[in-house]
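Order-wise, the sequence lines are chains Z and A. According to UniProt numbering, the stretch in the first sequence is residues 1 to 145, in order. According to UniProt numbering, the stretch in the second sequence is residues 1 to 145, in order.
Number of protein chains: 2
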Amino acid sequence: MSTPALSDTLHRLTHAYKQRLRIGIRNAGIDLPITHVRALKGIARNPEATAGSIAARMQRDKAQITRVLKELEEGGLITRQAHPADRRSQLLRPSRKGDILIAKLQAVEQEAIDTMTRQLKPGELQRFIALANLMADSVTPSEGD
Amino acid sequence: MSTPALSDTLHRLTHAYKQRLRIGIRNAGIDLPITHVRALKGIARNPEATAGSIAARMQRDKAQITRVLKELEEGGLITRQAHPADRRSQLLRPSRKGDILIAKLQAVEQEAIDTMTRQLKPGELQRFIALANLMADSVTPSEGD
DNA sequence: CGACCATAGTTGACACTATCAATCAAAAGG
DNA sequence: CCTTTTGATTGATAGTGTCAACTATGGTCG
Numbered sequence: 001m002s003t004p005a006l007s008d009t010l011h012r013l014t015h016a017y018k019q020r021l022r023i024g025i026r027n028a029g030i031d032l033p034i035t036h037v038r039a040l041k042g043i044a045r046n047p048e049a050t051a052g053s054i055a056a057r058m059q060r061d062k063a064q065i066t067r068v069l070k071e072l073e074e075g076g077l078i079t080r081q082a083h084p085a086d087r088r089s090q091l092l093r094p095s096r097k098g099d100i101l102i103a104k105l106q107a108v109e110q111e112a113i114d115t116m117t118r119q120l121k122p123g124e125l126q127r128f129i130a131l132a133n134l135m136a137d138s139v140t141p142s143e144g145d
Numbered sequence: 001m002s003t004p005a006l007s008d009t010l011h012r013l014t015h016a017y018k019q020r021l022r023i024g025i026r027n028a029g030i031d032l033p034i035t036h037v038r039a040l041k042g043i044a045r046n047p048e049a050t051a052g053s054i055a056a057r058m059q060r061d062k063a064q065i066t067r068v069l070k071e072l073e074e075g076g077l078i079t080r081q082a083h084p085a086d087r088r089s090q091l092l093r094p095s096r097k098g099d100i101l102i103a104k105l106q107a108v109e110q111e112a113i114d115t116m117t118r119q120l121k122p123g124e125l126q127r128f129i130a131l132a133n134l135m136a137d138s139v140t141p142s143e144g145d
């Protein structure tokens, strides 16, 4: 096997992870697509979050982000405040409800990761993540997270 | 954070790879979505390919596979022959045109992989693939779909 | 100031991917 | 036969990704 297995492997892995995560999310009684979850977490991690910064961080189209944010806001999970220095922009913050959800989500995500990495020896996950980031950077260079 | 980086890492990686691959495919003048490419390759690799076996191999919904196969056939890339032992099923084989396309695709894919793994030391890719498979197996053990 | 371009965000259109339920025909097994 | 499985298909619907056009504001510079 030279290398072409990578394609299938990647698909298989992400599909497996997404599926597992989605099930966990649903079991927790949360009705939110994965992209929304990721955006919400991104907002929570970044006190200066704007639509643009979230799009950049997630490396997704800003159009997509706009729609996600709209739904997060409609769901009462985030709030938008006027940006103090730029009236085109808005600062995004999780609402109280959003914070509570994030806590739940983190538990679910950790559970999914635990399931997936249960066959890995200590350190192998970190090694895997490092390699994955190295590869992703080779395609779309990113500044530090 | 302890490990939740995995989620973002996986998204970033597959997104980067898909994007890179899609660009390569388009540059090669091929007009075919990635799922179709993967299905076509799967068929080529398996002389006994049926819709079901491809679905199982790719761990995708049969419905999705059916549609992909339909389009591959419409594009003249594969042919369907009656299955000798089961009249519900059909054996799938790449057409001559399909074979030619596959050769092109493999070059494109190898190029994408080369780009992505250029920062990896020898053996690290194999290590990565092994870890990824281990993780995927932990979520969808042997039997899936 | 006013012309001009860049940026933040929004919207519309569309293609691709995933999931689920229902259906049909053929196979398998009493 | 009749019932249950299985391979494949279809329809419906949701989620995701990409591109282009657009609005409004900001920044620059003559």
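Quick reminder that beta carbons are idealized off the backbone N, C-alpha and C, glycines included.
List, in order along the chain, the chain Z residues whose C-beta lies closer than 8 Å to that of A/Leu10? Leu13, Thr14, Tyr17, Ala132
With distances taken Cα to Cα, identify the nearest neighbour of A/Ala132 among Z/Ser138, Z/Val139, Z/Asp137, Z/Glu124. Z/Glu124
Bridge partners of A/Ala82, per DSSP? A/Gln90
Quick one: grab the DSSP three-state call for A/Ser142. Note that A/Ser142 has pLDDT 47, beneath the 50 cutoff, so the model's placement of it is unreliable and the number below is only indicative. A/Ser142 falls in the coil class under three-state DSSP.
Going by alpha carbons, who is nearest to Z/Ala82 out of Z/Gly75, Z/Glu74, Z/Ile102, Z/Leu91? Z/Leu91
What does Z/Leu101 reach in chain A if we use C-beta pairs closer than 9 Å? Per Cβ cutoff of 9 Å: no residues; Z/Leu101 is ~15 Å from chain A at best.
Residue 154 of chain A classed as buried or exposed, judged by whether at least 16 other C-beta atoms fall within 10 angstroms: Given a span of 1 to 145 for chain A in the structure shown, any question on residue 154 of chain A remains unanswerable.
CB contact check: A/Ser138 to chain Z, cutoff 8 Å: yes
What distance in whole Å lies between the Cβ atoms of Z/Arg38 and A/His15, which are believed to be in contact at a cut-off of 8 Å? Actually they do not touch by this definition, with Cβ atoms about 12 Å apart.
Using a C-beta cutoff of 8 Å, does Z/Ile25 count as contacting chain A? no
Is it true that the CB of A/Ile78 sits closer than 8 Å to the CB of A/Ile43? yes
By a C-beta neighbour count over all protein chains shown, 10 Å radius and 16 as the cutoff for buried, is A/Gly52 buried or exposed? exposed
Unbroken alpha helix (DSSP H) runs of length 4 or more, entirely within the UniProt domain "HTH marR-type" (3-137) of chain Z: which are they? 5-27, 34-45, 51-58, 62-74, 96-116
Pull up the CB-CB distance for Z/Gly29 and Z/Ala112, whole angstroms please, since I reckon it's below 8 Å. Z/Gly29 to Z/Ala112, Cβ: 16 Å. No contact.
8 Å Cβ cutoff, A/Asp145 in contact with chain Z: Legend: pLDDT at A/Asp145 = 31, less than 50; position of this residue unreliable, value from coordinates given subsequently. Judged by the 8 Å Cβ criterion, A/Asp145 is not in contact with chain Z.
Taking CB distances under 8 Å as the criterion, tell me whether A/Leu6 reaches chain Z. yes
Can you find a CB in chain Z that lies within less than 8 Å of the CB of A/Arg87? no
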